[in-house]
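Numbers given in my numbering equal positions in the sequence shown, counted from 1, plus 569. Where is the CB? At the ideal position from N, CA and C, for every residue including glycine. Fair warning: this is a prediction, and the values are worked out from it, not measured in the lab.
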Amino acid sequence: LSFLLTAIQWSCRYSVISALIAFLGAPVQPVLFWVLQWVVFSIMAMIPTPGAAGGAEAAFFFIYSAFLPERVIGLATAGWRFLTFYLLLGLAAILFFLLNTRQRR
570 LSFLLTAIQW SCRYSVISAL IAFLGAPVQP VLFWVLQWVV FSIMAMIPTP
620 GAAGGAEAAF FFIYSAFLPE RVIGLATAGW RFLTFYLLLG LAAILFFLLN
670 TRQRR
């Protein structure tokens, strides 16, 4: 069960960019985007700032700019980072607050 849930989680994580690019109306290349996403995540692991701040966006922009139209690369970068990091960070903060207030009662 754990393996299955992990596989689903990673598949969703790697599919965010394909869904986002399709939403923005640009041509989607799912296999290529999965490989590029792996490259971006690998680079992010080497960036020493918390959450790979700044470096993640730069890595994404420079790697994907060769494959995406100029009209969508900025929105794709911002949307990708929001969906894969900031949204999860915000949800975790809300959950932390809710669980913390429940324990105080």
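Let's see if you can read the secondary structure: which residues bound the alpha helix (DSSP H) around residue i?
i    : result
T670 : 656-673
A634 : For clarity, residue 634 is Ser in the given sequence; the question names Ala instead. Taken as a continuous stretch (DSSP letters only), S634 belongs to no alpha helix (DSSP H), as it is neither H nor E.
I586 : 571-592
Confirm, please, whether the CB-CB distance from residue j to residue i is below 9 angstroms.
i    : j    : result
L589 : L652 : yes
I642 : I612 : no
I586 : F572 : no
T646 : F630 : yes
F654 : A614 : no
For a test of the three-state rule: what should DSSP assign to residue i, helix, strand or coil?
i    : result
Q606 : helix
P617 : coil
Can you tell me whether residue i is buried or exposed? The criterion is at least 16 other CB atoms within 10 Å of its CB, across all chains shown.
i    : result
F666 : exposed
A628 : buried
V608 : exposed
What residue from the options has the CA that sits closest to residue i's CA?
i    : options                : result
F636 : F592, Q598, V608       : Q598
L658 : A628, Q672, R671, A622 : A622
Q606 : G620, A595, C581       : C581
V604 : A591, W579, L593, G594 : W579
E639 : L574, I577, P596, S584 : P596
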